[in-house]
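Written below as structure tokens is the structure these notes are about.
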Amino acid sequence: MYRKPECLVGRARARHSSGSRALGVPKLEAVATCRHDGLVSTAEQVARTRVWTRQGIIELLANVLVIAAVPLIARSLWPMFREGITNFGFAEIVEKLAGAGGWTDVGWEVASTIGLIKPDFSAYDSLEVLHPLVGMQLDFVDLSVNSHPPFAIPLGLPLAYLDYGWWLSFYVVASFCLIALSMRLMRVPAYIAYPLALGICLTIPGRWGLVSTYPMSAVLIALAWKYRRHPVIAGAAYGVYGSSRGVGLLMLLYPLWRRQWKTLIIGAAIPVALLAIAVALEPTVINAFLESSRASIAASLQRSDLMTVGALLRRNGSQEYVGWLIAGVVAAVALWRKQEPFWVINWFILAVSPIAWLHTFVMAIPLLVVVWRSSKLGVVLVLIAAASVVSPPPLISTYFSINWVVVVAVAGIALLTCPIPRELQDHKFE
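The opening position of the sequence shown corresponds to residue 16 in our numbering, with each subsequent residue numbered one higher.
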């Protein structure tokens, strides 16, 4: 006689260590034991991560308070302590906190957005043409053109109508918080994440990272990983990350791999919607990108201080696709070794990025956290990457993105040699 399966919950527990409480989210585990006609089987069920928790909300509010307060304090103290701060070498970043503005990566991207809006300009005009629109003061001639695809340009719309000097000061502090939160989302304890983020921001590449979009990219990758079973959150993270980075759209291969169709649809819809906005504001934006931006990228790849795989190959007479093939082989071997596909795809994107600067390493922080956890060799590899980040100025100024090459190399070695945690293992930070 047929009997319905009888399922007994064997055990369910929530871990509340400082590592697994990142942003106040406990890790839930449930092991169910099912009996069917005398046969017993055990299935591990990983519960969906709770999105909002009391601890997480408190931590986020604390970050918002810091973002709101620090620029106001800097504005009041800067006139009194200008000389002392200048002597310590942090004048440039404190000036931005105090509202001085100046040249920044994020300012350039917002200038392109303003060019998209204004009918007499184009999003792909040179920085020399666009910088007055945002209010940046340049003491040099820069004929570079925005290298991001058209669907990245509308992302700057929230800042396009605000005063540059004011929003930049808050943006700098927000970038510090984003660097810390990218680690917190990876279950790095707060007592490690925030001091480490401060240390990163005090390095030369880290200070450049504060005025770029790379901290946001790091958070988006961490969000996509932590909430990979939540279609809306993960899909939005994939879509915005891919839109801002272009080649980052390859992250959509992960939900495709996992057959997470809702996540995939949301992630793909975001760049399509952003592209529609860009075309509506500037009907010729796609042609402008294909003509001006691609030429600017080709010129950048010839720079002697740019060290990416594509740039090194181009300067030695080869084509960038050779780098794609090499990265593809490494990724294929890593997948054959049954490494977690999410991190393999993330590394591949970083490896084939055509342009990366000394501060681009910020975008790789979640991957480096995973490498650190993987094994003792992973710890050594991350320490090597850290040494390249804090390398002395002569090395940085001569080889502008040498730390990026090191980061990509050590992460690739880790994928080939270290046991990167699989999706369902989710080891906490020790």
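Just so it is clear, CB atoms sit at the ideal spot from N, CA and C, and this is done for glycine as well.
Between which residues of its own chain and residue i is the CB-CB distance below 8 Å, once the five residues before and five after are set aside?
i	result
residue 431	345, 348, 349, 352
residue 160	139, 140, 141, 142, 307, 308, 310, 311
residue 389	429, 433, 434, 435, 436
residue 447	The question about residue 447 has no answer here: the residues shown for the chain are numbered 16 through 445.
residue 265	257, 360, 363, 364
residue 233	193, 194, 197, 377, 378, 379, 380, 381
residue 339	367
So, under 8 Å CB-CB, residue i and residue j are touching, yes? Tell me the CB distance rounded to an integer number of Å.
i	j	result
residue 129	residue 153	Incorrect: roughly 15 Å between the Cβ atoms, too far for contact.
residue 219	residue 377	Not quite, the Cβ-Cβ distance comes to about 12 Å (not below 8 Å), so this is no contact.
residue 125	residue 171	4 Å
residue 400	residue 420	At roughly 10 Å, the Cβ-Cβ gap does not stay under 8 Å, so residue 400 and residue 420 are not in contact.
residue 256	residue 250	Between residue 250 and residue 256 the Cβ distance is about 11 Å, and since that is not below 8 Å, they are no contact.
residue 78	residue 196	7 Å
residue 294	residue 287	Rounded, the Cβ-Cβ distance is 11 Å, inconsistent with contact.
residue 235	residue 184	Incorrect: roughly 23 Å between the Cβ atoms, too far for contact.
residue 296	residue 131	5 Å
residue 335	residue 369	6 Å
Using the DSSP secondary-structure output, state which residues sit across from residue i in a beta bridge.
i	result
residue 160	141
Check for me: the alpha helix (DSSP H) holding residue i runs from which residue to which?
i	result
residue 127	120-132
residue 336	335-351
residue 221	219-224
residue 231	229-241
residue 272	268-272
residue 176	First-last for residue 176: undefined, no H or E at that position.
residue 403	391-404
residue 358	356-367
residue 372	Careful: residue 372 lies outside any alpha helix (DSSP H) and carries neither H nor E.
residue 168	From DSSP, residue 168 is part of no alpha helix (DSSP H); its letter is neither H nor E.
residue 426	417-432
residue 379	Careful: residue 379 lies outside any alpha helix (DSSP H) and carries neither H nor E.
residue 311	309-315
residue 202	First-last for residue 202: undefined, no H or E at that position.
residue 150	Neither: residue 150 is in no alpha helix (DSSP H) and is coded neither H nor E.
residue 248	246-260
residue 330	324-330
Can you give me the Cβ contacts of residue i inside the same chain, cut-off strictly under 6 Å, excluding the 5 residues immediately before and after it?
i	result
residue 323	371
residue 277	246
residue 466	In the structure as shown, the chain begins at 16 and stops at 445. Residue 466 is therefore absent and cannot be evaluated.
residue 52	Its pLDDT being 37, under 50, residue 52 is placed unreliably by the model, and nothing is read from it.
residue 458	Any answer about residue 458 is impossible in this case: the structure gives the chain only from 16 up to 445.
residue 201	237, 381, 384
residue 326	316
residue 342	363, 366, 367
residue 282	250, 253, 254, 267
residue 289	166, 169, 258
residue 63	For residue 63, the predicted model reports a pLDDT of 46, less than 50, meaning its position is unreliable; a value from the coordinates is still stated below. Around residue 63: 244.
residue 440	Annotation note: pLDDT 42 at residue 440 (below 50); position unreliable, coordinate value reported separately. Hits under 6 Å: none found.
residue 127	138, 161, 168
residue 425	396, 399, 400
residue 239	249, 252, 253
residue 209	195
residue 92	none
residue 303	137, 139
Keeping to the same chain, check which residues put their C-beta closer than 7 Å to that of residue i; ignore five residues upstream and five downstream.
i	result
residue 269	356, 357, 360
residue 428	396
residue 271	279
residue 192	78, 81, 82
residue 229	374, 375, 377, 378
residue 227	120, 121, 374
residue 292	169
residue 118	151, 153
residue 275	246
residue 146	126, 153
residue 337	328
Whole beta strand (DSSP E) elements within the segment 276-302, 3-residue minimum: none
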